[in-house]
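Residue numbers (the UniProt record's numbering), protein chains in the order written: chain A, 1 to 335; chain B, 1 to 335; chain C, 1 to 335; chain D, 1 to 335.
In this text, a Cβ means the ideal position worked out from N, Cα and C, and glycines have one as well.
Single-structure report; data block below.
Protein chains: 4
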Amino acid sequence: MIIIMKPGQEVTIQEINERLSGKVSVFTHGNRVAIQGIDRDGLNEQELRAAERIIENHPAAIQGSREFHPEDTIIKTPNSLIGGDNFTMMAGPCSVESSAHVRKMAAVAKAGGATVLRGGAFKPRTSPYSFQGLGEDGLKFLRQAADEFDMDVLTEVMDEDHVEMVGRYTDIFQIGARNMQNFSLLKAVGKTNIPVMLKRGMSATVDDILNAAEYIAAGGNTQIMIAERGIRTFDNKYTRNTLDVGSVPVLQKLSHYPVIVDPSHAAGHTEFVTKEALAGVAIGASGLVVEIHDDPAHAFSDGAQALKPEEYQAMADKAFAIRDLVSPAVEVVDA
Amino acid sequence: MIIIMKPGQEVTIQEINERLSGKVSVFTHGNRVAIQGIDRDGLNEQELRAAERIIENHPAAIQGSREFHPEDTIIKTPNSLIGGDNFTMMAGPCSVESSAHVRKMAAVAKAGGATVLRGGAFKPRTSPYSFQGLGEDGLKFLRQAADEFDMDVLTEVMDEDHVEMVGRYTDIFQIGARNMQNFSLLKAVGKTNIPVMLKRGMSATVDDILNAAEYIAAGGNTQIMIAERGIRTFDNKYTRNTLDVGSVPVLQKLSHYPVIVDPSHAAGHTEFVTKEALAGVAIGASGLVVEIHDDPAHAFSDGAQALKPEEYQAMADKAFAIRDLVSPAVEVVDA
Amino acid sequence: MIIIMKPGQEVTIQEINERLSGKVSVFTHGNRVAIQGIDRDGLNEQELRAAERIIENHPAAIQGSREFHPEDTIIKTPNSLIGGDNFTMMAGPCSVESSAHVRKMAAVAKAGGATVLRGGAFKPRTSPYSFQGLGEDGLKFLRQAADEFDMDVLTEVMDEDHVEMVGRYTDIFQIGARNMQNFSLLKAVGKTNIPVMLKRGMSATVDDILNAAEYIAAGGNTQIMIAERGIRTFDNKYTRNTLDVGSVPVLQKLSHYPVIVDPSHAAGHTEFVTKEALAGVAIGASGLVVEIHDDPAHAFSDGAQALKPEEYQAMADKAFAIRDLVSPAVEVVDA
Amino acid sequence: MIIIMKPGQEVTIQEINERLSGKVSVFTHGNRVAIQGIDRDGLNEQELRAAERIIENHPAAIQGSREFHPEDTIIKTPNSLIGGDNFTMMAGPCSVESSAHVRKMAAVAKAGGATVLRGGAFKPRTSPYSFQGLGEDGLKFLRQAADEFDMDVLTEVMDEDHVEMVGRYTDIFQIGARNMQNFSLLKAVGKTNIPVMLKRGMSATVDDILNAAEYIAAGGNTQIMIAERGIRTFDNKYTRNTLDVGSVPVLQKLSHYPVIVDPSHAAGHTEFVTKEALAGVAIGASGLVVEIHDDPAHAFSDGAQALKPEEYQAMADKAFAIRDLVSPAVEVVDA
């Protein structure tokens, strides 16, 4: 149940919290209170009088819903604002390969307008025999490169036991598509105060991803962004996945979290990455996360989908121009 | 096999045609000859000498391939150029409802920049008990409305027995998604000289649609455009289909046919149609085909996905602006 | 609306028919009347009194529903009973290749217990340049072979203009997966009195196929059986399609039509055909339709999925044994 | 590379191991040696002479492949043999609800022929606000119930930090569909010597699941069984997932691991569970894992798909009878 309170009911909100916390889940946002586990019959008379409206038919992912939180969430990292009217470019190599290489890629990313440097130090690979990443060394290289260029770090955490360690290096946790419903990991990042980019699973519905995000929010961390990175469909001969651009405005309507498009994993082949990126911008995504490499043929992983520096620069120029045309794409829905 | 001839081999091309036609399928385009049914062992010495290059590993849809026809196909109708550097807006009601209504919608479509007026007179409906269209009367109303506004007609033909009759009214045949592999119908429109918009089936792969187009081309009609209108995936709770924007550059790479995006059937709900339309333009489609209605709640069919006149106008303005930014999106690939 | 009449209301049923036919669609089955186009407000007082129960929330495919027709449909052809407690084996070559060959295959099919001989004379091929079938000659060969072995003919009709001609040779029309929503063809076979096997489209939902069947029924022909032949999913590396066995009991619950399983097109590779066939029998299908060939490597079409005679015989023996164990699998649901 | 050694080359196998272990991955099985990371050029002359055959074109999941391990893996738990010619029934409640309840369900399971008792103590739920399981108390109740009836325990582990603790209670770890590519968890159970049932992810291809299994095997634990539990497709109106029965023989051909069918999660509705179970048996699965409950309407989780005791008993009787008809369904493929 979501209770929209009449103006000036701060005391009642406080009392609801004290009365119910520990027994059921209570979340507050401005003059709205979300309660999981009881319905209006569990409210006392004073509380009922204080309510302007009670929404009982809300989505399971209550904290993520626009009914509970009508305004866009805007995430603030040292060098970026993500969500709302902002547009954020995130770029970097698939894997951190060396200190020198990630610095070189950071310079490229920055020149194209990126304020977030992505890079993998722990890699979720389909086969156990593939390169699994440089580990903590990779994180150090990535952090140094980002600092040198006044950028934020975005990197994947695959394992709840790594959350504390990865958290020492990163500004944004990435949860990969394969771990979208690794609930232990979601709970672990939910206990931190570090923003999280949650990537949509290959066959996750829109409701699934919002419920996964709710696992993070339930722990207290609501600095969440969602990344659409292509879904699995019947046709994957020419592209690696099917970019579900239509999910971007759907997610924006249902939730207040920023939605980012990852055209690299969706397209899977360099020749289509720029075009899918532009489609993502045109439909109103709050940002892009793209893989870049100066020598894709020798990349440690996923070279086939990396943009070369000049391709990235050209893509970024068009992306910002389209963004100017379509923004503000997100209209706040008042429930 | 595709033979790329040396310059000045017109006589040899003529001789190949005469020698093989009737026995196997022979198609010529400029200095290229496509032959289905024999390989290079079937060529004589003079023919082999005249060849600069022979492509044996070509797609099954040989006439549609860039290897056979490197330049974009540009379709010329009385009021439109479709394909190449052109961008074509096509709009109109889902169903032709009356003479007055379709004229009103034509005025709206035209004002937004459309040169093609779409409208259904024969409707493929999931249930036999739903409205099936006005039939030939609908075609007359549609033709009159288009003529009044100097527009071209685009309308669906569902039945090979109707090809001749529908052909008297339309400038472009539409083959609907459900009939994409109705081979009898494809053969029938392939024998006309009227351009065809072939809509992708719900679970058709890119190869499937190019092979379906080849049925039309095999009959002699190569004035073909392909429409992406959303595919069927696991997630259809909030959108009717999943717009596969990524298929647009794939189709443009493999074939020379114009690719049109239909955001109305993909999104299925008005609130997402404009956004999907803009994604389609940004990725480089040669045009849009959209459903409009001044009173969607009372539309004879598919009102839920129709744009109102002012929504359509706003969408069209943004679409043309994005097109200017991204065009020319299609680069000719020389095989 | 479906009206279940009180006993002894034959006269009222007759009057409803006379009063409403021509204005709306009226269908009767025993003491049940289905009316499309009006609701209970369209009934007069006498009619309302005659009704024991009125079902307003029925599926769109009203004639196919168990609510309208609670008992299983049993289709009677000269040599077979299909549906209900019966189990029917249907086998034959993918394409009719010659008179001698189809007779040889008929002997094999019959020896394994088949009473229906399948074979294609008009072939829906993905590419226009592939073998398209022997045409009417193929039908003659097929008919003669079936007659010689006291079997029924099952063959595909692809084109409404062929319905009359194919109907002269066949006992059962097959509508292929690609034509499942070719509504002109469905209407054409709906006007005949020849049984129809309707194959599920690659991405057709259960509701889609029942609505397609309703197009046939709406024309007056309710001798319909439905074939599950595999759907298109994300995984087709090792099998051609995904056999949706679970759809068999779903279809049997919702509708009264016999459901047949086609393991050949589902599996796509001989080594898995027998196993998928047995799964189909175990789940309660009313029959199997399988492709057989004595020399699969040289079959005119689809050799990769044909069972050799001895494989077919072994499969058939197990199939009948499993059927004995699980039958009667279909329980009549009284609405 | 897989090396099939000539007879009597035990010493050479030992030497290869000593020479390469620590540098690359080396696995041995009988006279076969699998090496990841080098090809035949990395072998010395003596080793090359000892080889009867070298397979370089093998699947990425090398230890799971039939080329490396031609015979069926048979897993031995205190009360069960799983794989090969054996057929194993596994049953129990979705969630462990109480000591008394799980004992009651164990009695039912056992009476139907089950030797493995399933039950969830840690539950992966889509929403963070749903019942998450009894935790370690649930494991104790489950262990006691199994011991009382001489059964083995099968229960899910969701978290690498729980592996040691859950391992104290269970005979078989279950890895759920959502965690199929939780590589940290796979590595953790791979370091134990407790058998693992790995459930196929909703959109996992056959190759994906074999690669996931390889993560377990790479850690040294090859006591793996795979469970098909339905995949996500475009049609989920009447069933929860689409049971991909066809994957069973495909998995059995490619790998040597036992394949189990879970009809409960596939069907999602009790009325279809028995039928899907029988299809799974008919196609040759090595066992079934089914959810049972005496009062489904009040089950803590997934009541809609639980079989009642009498339904389970009837299903089990038919399942064993069909197994007798089709077994041995798995033929050993000698590479």
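Query raised in the report: Roughly how many angstroms lie between the CA atoms of residue 153/C and residue 134/C, to the nearest whole one?
Result: Residue 134/C has its alpha-carbon roughly 16 Å from the corresponding atom of residue 153/C.
Requested in this report: With distances taken Cα to Cα, identify the nearest neighbour of residue 114/C among 286/C, 60/C and 45/C.
Outcome: Ranking the options by Cα distance to residue 114/C, first place goes to 286/C.
Report task. Can you give me, in chain order, the residues of the region 123 to 143 of chain B that have a beta carbon less than 9 Å from any beta carbon in chain C? Result -> For the region 123 to 143 of chain B, which is checked against every Cβ of chain C, the residues closer than 9 Å are 124, 125, 126, 127, 128, 129, 130 and 132.
Requested in this report: Step through the CB atoms of chain C and report whether any lies within less than 8 Å of the CB of residue 232/A.
Outcome: Yes - at least one Cβ of chain C is within 8 Å of the one on residue 232/A.
Requested in this report: State the Cα-Cα distance for the pair residue 10/A and residue 190/A, rounded to the nearest angstrom.
Outcome: Spanning the two alpha carbons is a distance of roughly 26 Å.
Query - Exposure label - residue 48/D; buried when at least 16 CB within 10 Å - result: Residue 48/D sits exposed, since fewer than 16 C-beta atoms from the chains shown fall within 10 Å of its C-beta.
Report task. Indicate the three-state DSSP secondary structure (helix, strand or coil) for residue 123/A in the structure shown. Result -> Residue 123/A: coil per DSSP, three-state reduction.
Query - CB contact flag (residue 110/B, residue 151/B, <8 Å) - result: Less than 8 Å divides the Cβ of residue 110/B from the Cβ of residue 151/B.
Requested in this report: Could you list the residues in the region 180 to 196 of chain A with a C-beta less than 7 Å from some C-beta on chain D, going in chain order?
Outcome: Listed by position along the chain: 181, 182, 183 and 184.
Query raised in the report: According to DSSP, what are the bridge partners of residue 344/B?
Result: The first residue shown for chain B is 1 and the last is 335, placing residue 344/B beyond what the model contains.
Requested in this report: Spatial neighbours of residue 159/B within its chain, please: CB distance less than 8 Å, with the 5 preceding and 5 following residues excluded, ordered by chain position.
Outcome: Short of 8 Å from the beta carbon of residue 159/B, and not among the five residues preceding or following it, lie these beta carbons of its own chain, in chain order: 122 and 185.
Query raised in the report: Helix, strand or coil: which one does DSSP assign to residue 225/D?
Result: In the three-state scheme derived from DSSP, where H, G and I count as helix and E and B as strand, residue 225/D is classed as strand.
Query raised in the report: Any idea what DSSP makes of residue 13/C, helix, strand or coil?
Result: DSSP places residue 13/C in the helix class (H, G or I) of the three-state scheme.
**Report entry** N- and C-terminal bounds of the alpha helix (DSSP H) containing residue 106/A
**Finding:** Residues 99 to 111.
Query raised in the report: So which residues on chain B does residue 158/C lean against when the C-beta distance must stay under 9 Å?
Result: Ordered by position in chain B, the residues that pass the 9 Å Cβ test against residue 158/C are 182, 183 and 184.
Report task. With a 10 Å radius around its C-beta and 16 neighbouring C-beta atoms as the bar for buried, classify residue 301/A as buried or exposed. Result -> By the beta-carbon neighbour count (other beta carbons within 10 angstroms, threshold 16), residue 301/A is buried.
Query raised in the report: Between residue 100/D and the rest of its own chain, which residues show a CB-CB distance below 8 Å, the 5 nearest in sequence each way excluded?
Result: Excluding its 5 nearest sequence neighbours in each direction, residue 100/D has no C-beta neighbour in its own chain below 8 Å.
**Report entry** Counted within 10 angstroms of its Cβ, other Cβ atoms place residue 275/C as buried (16 or more) or exposed
**Finding:** Per the 10 Å Cβ criterion, buried.
Query - Whole-number beta carbon distance between residue 36/B and residue 24/B, since they are thought to touch under 8 Å - result: About 6 Å separates the two Cβ atoms, so the contact holds.
Query raised in the report: Can you find a C-beta in chain B that's less than 8 Å from the C-beta of residue 70/A?
Result: Chain B contact via Cβ: absent.
Query raised in the report: Who are the Cβ neighbours of residue 73/C in its own chain at under 6 Å, not counting the five residues just before and after it?
Result: Once the five neighbours on either side are set aside, the close Cβ partners of residue 73/C are 83, 256 and 257.
Query - Residue range of the unbroken alpha helix (DSSP H) whose run includes residue 326/B - result: Residue 326/B -> alpha helix (DSSP H) spans 309 to 326.
Query raised in the report: Buried or exposed: residue 45/C, going by 16 or more other Cβ atoms within 10 Å of its Cβ?
Result: Exposed, since its Cβ has fewer than 16 Cβ neighbours within 10 Å.
Query raised in the report: Residues in the region 27 to 44 of chain B with C-beta within 9 Å of chain E's C-beta atoms, listed in sequence order?
Result: Chain labels in this structure do not include chain E; the protein chains are A, B, C and D.
Requested in this report: Please list the segments of the alpha helix (DSSP H) lying wholly inside the region 145 to 191 of chain D, counting only runs of 4 or more residues, in order along the chain.
Outcome: Whole alpha helix (DSSP H) segments, 4+ residues: 163 to 167 and 183 to 190.
Query - CA-to-CA distance, residue 212/C to residue 132/C, given in whole angstroms - result: So the alpha carbons of these two residues sit roughly 25 Å apart.
Query raised in the report: Is it true that the region 219 to 239 of chain D meets the region 217 to 235 of chain C, where meeting means three or more beta-carbon pairs spaced less than 8 Å apart?
Result: By the C-beta criterion, the region 219 to 239 of chain D is judged to be in contact with the region 217 to 235 of chain C, since at least 3 inter-stretch pairs fall below 8 Å.
Report task. Report the three-state DSSP secondary structure of residue 305/B (helix, strand or coil). Result -> If DSSP states are grouped into helix, strand and coil, residue 305/B belongs with the helices.
Query raised in the report: Using a beta-carbon distance cut-off of less than 7 Å, what residues from the region 209 to 239 of chain B approach chain C?
Result: Those residues of the region 209 to 239 of chain B that come within reach of chain C (Cβ to Cβ, closer than 7 Å) are 211, 214, 215, 218 and 232.
Requested in this report: Determine, using beta-carbon pairs with one atom in the region 194 to 213 of chain C and one in the region 170 to 180 of chain C, whether at least three such pairs fall under 8 Å.
Outcome: Touching, yes.
Query raised in the report: Where does residue 32/C land, buried or exposed, given buried means 16+ other C-beta within 10 angstroms?
Result: Residue 32/C counts as buried, since at least 16 other C-beta atoms from the protein chains shown sit within 10 angstroms of its C-beta.
Query raised in the report: Mind checking whether residue 273/A and residue 248/A have CB atoms under 8 Å apart?
Result: Note that the C-beta distance between residue 273/A and residue 248/A is not below 8 Å.
Query raised in the report: Among all the DSSP beta bridges, which residues are the ones paired with residue 27/D?
Result: DSSP, once it has assigned bridges, lists 34/D as partnering residue 27/D.
Query raised in the report: Within this structure, are the beta carbons of residue 270/D and residue 313/D separated by less than 8 Å?
Result: Taking 8 Å as the Cβ cut-off, residue 270/D and residue 313/D do not qualify as a contacting pair.
Requested in this report: Compute the distance between the beta-carbons of residue 56/B and residue 66/B, then report whether it is under 8 Å.
Outcome: With contacts defined as CB atoms closer than 8 Å, residue 56/B and residue 66/B fail to qualify as a contacting pair.
Query raised in the report: What residues match up with residue 248/B in a beta bridge as DSSP calls it?
Result: For residue 248/B, which the question treats as bridged, DSSP gives no partner whatsoever.
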